[in-house]
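K.L.:
So the sequence shown is numbered by the numbering used here: it starts at 29 and just counts up by one. Structure below; questions to follow.
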Amino acid sequence: MPNLDLPILVVDDAKFSSMVVGRTLRNAGYRDVRIANNAPAALEFIDQRPVSVLIADWLMPEMDGLELTDQVRQQDEQNNHYTYVILLTARESVEALSEAFDRGVDDFIYKSDMTKQLIPRIFAADRMADRQNTLLRANSLLIENNRELESSNIIDLETGLCNNRYARNKLGKCLRQAESRGGASAYVLCGIRNWQELKRKHAPSVMSELAVGIARRLSHLIRPMDSLCRVGDNQYAIIAHFPNSDHCSTTAFRRVFDGINHKALKTTAGYISVEAGMVLCRADAQNGTPSVQEMERAAVQGLVDAYETRRFTETRPELEKA
Numbered sequence: 029m030p031n032l033d034l035p036i037l038v039v040d041d042a043k044f045s046s047m048v049v050g051r052t053l054r055n056a057g058y059r060d061v062r063i064a065n066n067a068p069a070a071l072e073f074i075d076q077r078p079v080s081v082l083i084a085d086w087l088m089p090e091m092d093g094l095e096l097t098d099q100v101r102q103q104d105e106q107n108n109h110y111t112y113v114i115l116l117t118a119r120e121s122v123e124a125l126s127e128a129f130d131r132g133v134d135d136f137i138y139k140s141d142m143t144k145q146l147i148p149r150i151f152a153a154d155r156m157a158d159r160q161n162t163l164l165r166a167n168s169l170l171i172e173n174n175r176e177l178e179s180s181n182i183i184d185l186e187t188g189l190c191n192n193r194y195a196r197n198k199l200g201k202c203l204r205q206a207e208s209r210g211g212a213s214a215y216v217l218c219g220i221r222n223w224q225e226l227k228r229k230h231a232p233s234v235m236s237e238l239a240v241g242i243a244r245r246l247s248h249l250i251r252p253m254d255s256l257c258r259v260g261d262n263q264y265a266i267i268a269h270f271p272n273s274d275h276c277s278t279t280a281f282r283r284v285f286d287g288i289n290h291k292a293l294k295t296t297a298g299y300i301s302v303e304a305g306m307v308l309c310r311a312d313a314q315n316g317t318p319s320v321q322e323m324e325r326a327a328v329q330g331l332v333d334a335y336e337t338r339r340f341t342e343t344r345p346e347l348e349k350a
């Protein structure tokens with residue numbers, strides 16, 4: 029059954045022609061038919077309320093049917109909408125029709141046979157416009173759902189570790205725990221110093237294997253209660269709480285540093301050695317509770333020093349003065 033509420037806009041500078049088209053559509057039962065006498069007026073109508081089918085004369089003053097189609101396609105892009113465009117024409121050359129299709133026109137009705145062709149073409153236009161707009165709405169919904177998933181996602185899909193979003197949340201909880209219960213918070217940042225060099229030598233698939241291998245190695249080296257996250261392409265963070273502040277030192281993580289640096293990782297390209305730099309950023313309530321951003325900033329600066337010295341370094345955050 030045809031959709032008799034299909035929004036249709038007829039554009040023709042010749043009032044008699046537009047009247048004939050409008051009357052033919054209304055006689056067929058279509059209830060939502062608007063008529064514009066020129067292209068600028070048609071664009072205003074569409075801006076006020078989009079239409080599913082646009083029927084326009086090819087030859088019009090000010091702006092012809094092809095120029096109108098260009099403008100309608102721009103509006104469609106902005107509004108995430110599809111308008112099925114039919115041109116009324118007396119031109120039957122292949123070159124002219126080919127140009128029109130290239131400009132985004134969907135169909136033609138020859139004026140010499142308009143009364144016979146109009147309603148069957150509207151039936152087809154209704155089906156195609158409905159399908160296109162359904163797909164656009166579905167795609168828009170998928171994009172929105174993906175955004176929501178990304179905003180709540182806490183997993184690094186490549187390695188299966190928690191990601192930077194989780195790491196920041198976990199570090200914040202760890203800092204609050206140390207503030208309320210005492211002890212110290214540890215944020216250990218591990219960066220693969222030669223990562224870019226390895227990327228130039230190996231295919232992406234091999235680098236993915238290497239990232240997974242590093243994640244597995246680190247997972248086996250950390251303490252059971254510590255949290256391991258991938259916070260960057262070549263950076264991993266270990267977050268831990270120490271009830272006794274004296275125990276929060278590089279010694280507690282030395283096996284991690286040695287384990288990642290002193291043993292190559294197996295990939296399909298063979299065994300690959302990585303050069304890891306590590307820095308421990310520690311904080312305790314006695315010296316003031318830093319923010320997550322202050323901890324991260326101190327750790328990144330410390331990692332630069334670790335890269336230069338090739339040693340496992342230790343640092344403390346600088347608290348911003350109130």
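From the three backbone atoms N, C-alpha and C, an ideal C-beta is built for every residue, glycine too.
Looking at C-alpha atoms only, which residue of Ile137, Ser233, Leu146 is the closest neighbour of Arg54?
P.N.:
Leu146
K.L.:
Taking all protein chains shown into account, decide if Leu199 is buried (16 or more other Cβ within 10 angstroms of its Cβ) or exposed.
P.N.:
buried
K.L.:
Just tell me which of Met91, Leu96, Leu164, Gly188 has its CA closest to the CA of Leu82.
P.N.:
Leu96
K.L.:
In three-state DSSP terms, what is Cys190?
P.N.:
strand
K.L.:
Fully enclosed by the region 244 to 284, which alpha helix (DSSP H) runs are 4 residues long or longer?
P.N.:
none
K.L.:
Comparing alpha-carbon positions, which option in Tyr110, Ala56, Thr52 lies nearest Ile74?
P.N.:
Tyr110
K.L.:
Provide the residue span of the beta strand (DSSP E) that contains Met306, from first to last.
P.N.:
For Met306, the enclosing beta strand (DSSP E) covers residues 304 to 312.
K.L.:
Closest by CA to Arg155, which one among Ser126, Asn31, Ala231?
P.N.:
Asn31
K.L.:
Name the two residues that bound the continuous beta strand (DSSP E) containing Leu293.
P.N.:
293 to 295
K.L.:
Assess, as a yes-or-no matter, whether the region 201 to 211 is touched by the region 289 to 300 under the definition of 3 or more beta carbon pairs within less than 8 angstroms.
P.N.:
no
K.L.:
Does the beta-carbon of Phe136 have 16 or more other beta-carbons within 10 angstroms, so that it is buried, or is it exposed?
P.N.:
Within a 10 Å sphere around the beta-carbon of Phe136 sit 16 or more other beta-carbons, which makes this residue buried.
K.L.:
Grab the span of the beta strand (DSSP E) containing Thr317 for me, first residue to last.
P.N.:
It is not in any beta strand (DSSP E) - Thr317 carries neither H nor E in the DSSP assignment.
K.L.:
Count the other CB atoms within 10 Å of the CB of Ile171; is the residue buried (16 or more) or exposed (fewer)?
P.N.:
Exposed: under 16 other Cβ atoms inside 10 Å.
K.L.:
Beta strand (DSSP E) containing Thr111: first to last residue?
P.N.:
Looking at the DSSP string, Thr111 is not in any beta strand (DSSP E), and its letter there is neither H nor E.
K.L.:
At the level of alpha carbons, what is the spacing between Leu226 and Gly305?
P.N.:
15 angstroms
K.L.:
Residue range of the alpha helix (DSSP H) that Ala70 falls in?
P.N.:
67 to 76
K.L.:
Compute the beta-carbon to beta-carbon distance between Tyr215 and Cys309, rounded to the nearest angstrom, for a pair I have assumed lies under 8 angstroms.
P.N.:
5 angstroms
K.L.:
Count Cβ pairs between the region 252 to 260 and the region 336 to 346 that sit closer than 8 angstroms; are there 3 or more?
P.N.:
no
K.L.:
Below 8 angstroms CB to CB, which residues in the same chain sit around Ser236 once its five sequence neighbours on both sides are set aside?
P.N.:
Within the same chain, Ser236 has close Cβ partners Glu186.
K.L.:
Out of Gln103, Phe270, Met91, state which residue places its alpha-carbon closest to the alpha-carbon of Leu203.
P.N.:
For Leu203, the nearest C-alpha among the options comes from Phe270.
K.L.:
So is Glu123 buried or exposed if we call it buried at 16+ other beta carbons inside 10 Å?
P.N.:
exposed
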